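K.L.:
What follows is a single structure, and I will ask about it in a moment.
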Amino acid sequence: MGPSRRDLFGGAAAATMAAASAKAEMLAPPGFDRIADGPFKPTWESLNGGYKAPDWFRDAKFGLWAHWGPQCVPEAGDWYARGMYEQGSAAYAHHLKTYGHPADTGFMDILPQWRAENWNPDDLLDLYVKAGAKYFVAMANHHDNFDAYDSKFHDWNSVRLGPKKDIIGIWEKAVRKRGLRFGVSNHSAHAWHWFQTAYGYDAEGPRRGERYDAFKRFKADGLGTWWEGLDPQELYGGAVMPMPSGITSIAEADKWHEANDRVWNEKAPLNNPAFVRQWYLRCKDLIDSYKPDLVYFDNFDLPLEQAGLDITAHFYNASMRWHGGKLEAVVNIKPEERKVPGVVPDVERGLRAEISPTPWQTDTCLGSWHYSREIFEKKRYRPAAEVIHRLCDIVSKNGNLLLSVPVRGDGTIDSEERRIVEEIGGWMGRFSDAIHGTRPWVIYGEGPTSVVTGMFSEGKQKPFTAQDIRFTTKGKTLYATTLGRPEGGRVSILSLARGGPHARRAVGRVTLAGDKTPLPFRQDHAGLHVTVPEAALHPFGVALRIDGAL
Numbered sequence: 005m006g007p008s009r010r011d012l013f014g015g016a017a018a019a020t021m022a023a024a025s026a027k028a029e030m031l032a033p034p035g036f037d038r039i040a041d042g043p044f045k046p047t048w049e050s051l052n053g054g055y056k057a058p059d060w061f062r063d064a065k066f067g068l069w070a071h072w073g074p075q076c077v078p079e080a081g082d083w084y085a086r087g088m089y090e091q092g093s094a095a096y097a098h099h100l101k102t103y104g105h106p107a108d109t110g111f112m113d114i115l116p117q118w119r120a121e122n123w124n125p126d127d128l129l130d131l132y133v134k135a136g137a138k139y140f141v142a143m144a145n146h147h148d149n150f151d152a153y154d155s156k157f158h159d160w161n162s163v164r165l166g167p168k169k170d171i172i173g174i175w176e177k178a179v180r181k182r183g184l185r186f187g188v189s190n191h192s193a194h195a196w197h198w199f200q201t202a203y204g205y206d207a208e209g210p211r212r213g214e215r216y217d218a219f220k221r222f223k224a225d226g227l228g229t230w231w232e233g234l235d236p237q238e239l240y241g242g243a244v245m246p247m248p249s250g251i252t253s254i255a256e257a258d259k260w261h262e263a264n265d266r267v268w269n270e271k272a273p274l275n276n277p278a279f280v281r282q283w284y285l286r287c288k289d290l291i292d293s294y295k296p297d298l299v300y301f302d303n304f305d306l307p308l309e310q311a312g313l314d315i316t317a318h319f320y321n322a323s324m325r326w327h328g329g330k331l332e333a334v335v336n337i338k339p340e341e342r343k344v345p346g347v348v349p350d351v352e353r354g355l356r357a358e359i360s361p362t363p364w365q366t367d368t369c370l371g372s373w374h375y376s377r378e379i380f381e382k383k384r385y386r387p388a389a390e391v392i393h394r395l396c397d398i399v400s401k402n403g404n405l406l407l408s409v410p411v412r413g414d415g416t417i418d419s420e421e422r423r424i425v426e427e428i429g430g431w432m433g434r435f436s437d438a439i440h441g442t443r444p445w446v447i448y449g450e451g452p453t454s455v456v457t458g459m460f461s462e463g464k465q466k467p468f469t470a471q472d473i474r475f476t477t478k479g480k481t482l483y484a485t486t487l488g489r490p491e492g493g494r495v496s497i498l499s500l501a502r503g504g505p506h507a508r509r510a511v512g513r514v515t516l517a518g519d520k521t522p523l524p525f526r527q528d529h530a531g532l533h534v535t536v537p538e539a540a541l542h543p544f545g546v547a548l549r550i551d552g553a554l
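For the sequence shown, position 257 (counting from the first letter as 1) is numbered 261 according to this note's numbering, and the numbering increases by one without interruption.
Pasting the structure below:
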C-alpha cells in the first residue's frame, strides 16, 4: 500500500523523493557523480575567471528551438501542466472540457497521448538550415518534470512513455549530420514548486475541496494500469508545498499560489534535498550522453545553488575534453541586467539598448512557448519581418537570437509557421552575410525608433522603420541593414557623413550583401546616400556592404 493521504502532508512525500534519489544513486556507475577534471571549479570565481564564449557561438548569430514536449498535446498554450490545476484559468477550462476533471484525469494521463507520430526531424531541420539557423536547441525537459530522452535516473521519460523514442538523441544525430551546433534546454529545476498546483483542489463548485490526481496516486495504485511500476509522486515532485485546506474562493486560491508555489527563485528547496540530488544526476546524464554545445537553463541564476555550479563546471571541463582542450561550451541563464562573465546571459523575450561588451542572447517564440491552436487559427504569430528586424538589432549589439517554432504534439509545425520560417529564409538567403560571422561596429545603428530594454519587454517595442539602420562588421567591411523597405530605393546613412566622428575614410564601394554589383552612392557632409534598384529591394529591408569606410 502507498502512504496514506494524510501522511502525504507529513513527510511521506519527502520520503518518496528520497527513495527515488536512492534508486538513482544505485543506478549511477562508480564515480559518475564526480565533476570532470579540468581547469574549472564549481565556484563563480572560477567560472568568471576562466570562461569566454566560443567563436562558434559568436559567429552563429541565429538559432532555432523546438520547445516541444507533452504539454503541446492539448494545443492550449504554455504552462498547461500547471494551469490545468488552477481553477478559473483557460487551461483548467480546456482540460475540464476536453479530458475531464483534474481530480480524475491528471497531467500524467496526457503523457501517453504525446506520440510524435508525424515527427520528421530531417524535414524540419532542412527547413531551419534554409532559414539561416546555425544552431538548434531541443527541450530536454520542462517544469512538468518529464525527460524527453533516455534518462537513466528518471523513469518518467520519452523512451518509456509517450513517443517511446529518445527525442533528444534523434534530434542530436540529425543536427550533427547537417553541421549545426546542438543545444539542449533544461527547465526542470523548478518542478518541485511549479507542479504543486497538482496537489490542490477546486475552491468553488460542485467538487470543491476534492484534491487533484497528484494527491491520490502512488506507485501501488498503478497495478494493472498503463503506468504500472511508476510512481506518480516522482513526476509531480511530492507534496512539499500543497495548497492548505479551507480555501473557499478562486481568488483566494490564486493569491495563495502567487505567494507560495509561484515564487521564482533559484535556491535549493531545504525540505526536498533528494530532488536536488536527482536533478544533478539527470542533468549530468543529459550532458554526458549527448555532448551538447549549449545548455540553456530556464533560470535567473545557475539552478539550485551548488548543484548548478557543479553542473556548469562539469560541462565546461567535459567540453574541453571532447574538443582536444578547446572550450566550446555555452551555458545560458537569465541574470536580468546583471553581467555574469562565467556564462552567456539570455534576455527572454526582450532586447538591449546598447552594444554589450560580451556576447549575449535573446530567446523568443513565434507564438506561445507550448503550441497554441488559437494562435494559429487567429493568425497571431510573430511575422517574419519582425523576426528579421529584431535579429538585426540584436546582432548589432553583440547578441544572438534563439527563436522557438512551436511544435504540435504529433511532431509537426503548422502551415503558418512553415510559411513564416520560409520567409525568414528568403531574406537570410540574400543578406545573411550581414549577420553570420559578424561583430559590432563602434555604434549599433541609427534611426528614430527607441528600443525598450529588458526581459519580457518585446510587447512594448514599437515597430522599426526603414529609417532605422543597424551596423555590423566583418574584417574591414561594414554592413548597414535597413529595418524596412527603403522608399524609392533611397538609403541615407547619417552616421557615415563625410567628416563625421564615425566615417574615418571615404567610402570606396557599396554593394548589396551577398552581391557583387556596385550600387550608385554619394557621400557628403550629411551622410552616405545609396540608391538600390527597385528589383533588388526586399519588403523586410536590405543589407548594404560598404567597403573602404573602416
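Glycine is no exception: its CB is placed at the ideal position from the N, C-alpha and C atoms.
Source: prediction; values computed, not measured.
Give me the Cα-Cα distance between F304 and P273, rounded to the nearest whole angstrom.
P.N.:
16 angstroms
K.L.:
Tell me which residues share the same chain as Y2 and place their Cβ nearer than 6 angstroms to its Cβ, disregarding the 5 neighbours each side in the sequence.
P.N.:
The chain is shown only over 5 to 554; residue 2 falls outside these bounds and no answer can be derived.
K.L.:
Could you give the first and the last residue of the continuous alpha helix (DSSP H) run that contains W175?
P.N.:
Here the alpha helix (DSSP H) through W175 covers I171 to K181.
K.L.:
With a cut-off of 8 angstroms on the beta carbons, I'd call A553 and A507 a contact; round off their distance for me.
P.N.:
6 angstroms
K.L.:
In whole angstroms, what separates the C-alpha of F525 from that of V495?
P.N.:
9 angstroms
K.L.:
Does DSSP classify D512 as helix, strand or coil?
P.N.:
Reading the sequence as shown, one finds Gly at residue 512 and not Asp. Correct three-state label for G512: coil.
K.L.:
On the criterion of 16 or more Cβ atoms from any shown chain inside 10 Å, does S372 qualify as buried, or is it exposed?
P.N.:
buried
K.L.:
Using the rule of at least 16 other Cβ atoms within 10 Å of the residue's Cβ for burial, across every protein chain shown, is P505 buried or exposed?
P.N.:
exposed
K.L.:
What residue does the alpha helix (DSSP H) around T316 start on, and which one ends it?
P.N.:
Q310 to W326
K.L.:
Round the Cβ separation of L541 and V534 to the nearest angstrom and send it over; I've been treating them as touching at under 8 angstroms.
P.N.:
Not quite, the Cβ-Cβ distance comes to about 12 angstroms (not below 8 angstroms), so this is no contact.
K.L.:
Tell me whether W490 is buried or exposed, calling it buried when 16 or more other Cβ atoms sit within 10 Å of its Cβ.
P.N.:
The question names Trp, yet the displayed sequence has Pro at residue 490. Classification of P490: buried, given that the 10 Å Cβ count is 16 or more.
K.L.:
Which same chain residues end up closer than 7 angstroms to T453 when comparing Cβ atoms and leaving out the 5 residues on each side of it in sequence?
P.N.:
Residues of the same chain with a CB within less than 7 angstroms of the CB of T453, apart from the 5 flanking positions on each side, are K466, F468, T469 and D472 in chain order.
K.L.:
List the residues that DSSP assigns as beta-bridge partners of T229.
P.N.:
DSSP output for T229 lists no bridge partner at all.
K.L.:
Considering only C-alpha positions, which residue in the set D41, R62 and E238 is nearest to P444?
P.N.:
R62
K.L.:
Using only the alpha-carbon positions, how far apart do Y240 and I359 sit?
P.N.:
42 angstroms
K.L.:
Kindly indicate which three-state DSSP category A357 falls into: helix, strand or coil?
P.N.:
coil
K.L.:
Pop quiz: A137 and L184 are said to be a contact at Cβ under 8 angstroms. What is the actual Cβ separation, rounded to whole angstroms?
P.N.:
Yes, A137 and L184 are in contact; Cβ-Cβ is about 7 angstroms, under 8 angstroms.
K.L.:
Is T457 helix, strand or coil by DSSP?
P.N.:
strand
K.L.:
Look at the alpha carbon of M5 and the alpha carbon of T362, and state the distance between them as a whole number of angstroms.
P.N.:
With a pLDDT of 32 at M5, under the threshold of 50, the predicted position of this residue should be treated as unreliable, though the coordinate-derived value follows. In a straight line, the C-alpha of M5 is about 56 angstroms away from that of T362.
K.L.:
Quick check on the DSSP output: the beta strand (DSSP E) that includes S189 runs from which residue to which?
P.N.:
R185 to N190
K.L.:
Which word fits S419, buried or exposed, when buried means at least 16 other C-beta atoms lie within 10 angstroms of its C-beta?
P.N.:
exposed
K.L.:
With the cut-off set at 7 angstroms, would you say V188 and P296 are in Cβ contact?
P.N.:
yes
K.L.:
Among the residues of its own chain, which have a CB less than 8 angstroms from the CB of I70, if the five just before and after it don't count?
P.N.:
Note that residue 70 corresponds to Ala in the displayed sequence, not to Ile. Cβ neighbours of A70 beyond the five flanking positions: L128, F140, V141, A142, M143, W175, S408, V409 and V411.
K.L.:
Counting only runs that start and end within the region 87-114, where is the alpha helix (DSSP H) found for 4 or more residues in a row?
P.N.:
94-102
K.L.:
Compare the Cα-Cα distances from E121 to each of E462, L532 and G415 and report the closest residue.
P.N.:
A check of alpha carbon separations from E121 across E462, L532 and G415 identifies G415 as the nearest.
K.L.:
For the region 542-549 against the region 476-490, do three or more pairs of beta-carbon atoms, one drawn from each stretch, fall closer than 8 angstroms, so that the two count as touching?
P.N.:
yes
K.L.:
Going by the beta-carbon positions, is the gap between A107 and A95 smaller than 7 angstroms?
P.N.:
no
K.L.:
Contact check, Q75 vs H146 under 8 angstroms by CB: the rounded distance?
P.N.:
6 angstroms
K.L.:
Under 7 angstroms between the Cβ atoms of A510 and I497?
P.N.:
Cβ distance not < 7 angstroms, so A510 and I497 don't count as in contact.
K.L.:
With DSSP as the reference, label L523 as helix, strand or coil.
P.N.:
coil
K.L.:
Could you give the DSSP three-state label for Y385: helix, strand or coil?
P.N.:
Annotated three-state conformation of Y385 is coil, per DSSP.
K.L.:
Does K295 come out as helix, strand or coil in the three-state DSSP assignment?
P.N.:
coil
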